[in-house]
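Using the working numbering, you'd call the opening residue of the sequence shown number 1184 and step up by one each time.
Virtual Cβ for every residue (Gly too), placed ideally from N, Cα, C.
Notes follow once the structure below has been shown.
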Amino acid sequence: MKKREKTNQEIIDSYDYLANAASSMDCTGLIPAAPHSEEELESYQDVYQFETPLENLNKKED
């Protein structure tokens, strides 16, 4: 039995878990200016995870 090839959209959708993909529910424009404190940055992150996990790890190590 021949394996069914995935469509282009199925391939794209299978990688969607890697990042917060743009969508109708995306929070584009959430942060109008740079946060003034670590607390303000954390409050934005509570609402929406906008940085990649690697960037978050680097900030915690500093």
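Is residue j closer than 8 Å to residue i when the C-beta atoms are compared?
i	j	result
leucine 1224	proline 1218	yes
Do you know how far the Cα of residue j is from the Cα of residue i?
i	j	result
glutamate 1221	aspartate 1229	12 Å
serine 1226	glycine 1212	15 Å
methionine 1184	glutamate 1193	21 Å
Using C-beta distances below 6 Å, list every residue in its chain close to residue i, excluding the 5 sequence neighbours before and after it, in chain order.
i	result
glutamate 1188	none
asparagine 1191	none
Quick one: residues in its chain with C-beta nearer than 8 Å to the C-beta of residue i, no 5 flanking neighbours on either side, listed in chain order?
i	result
lysine 1186	none
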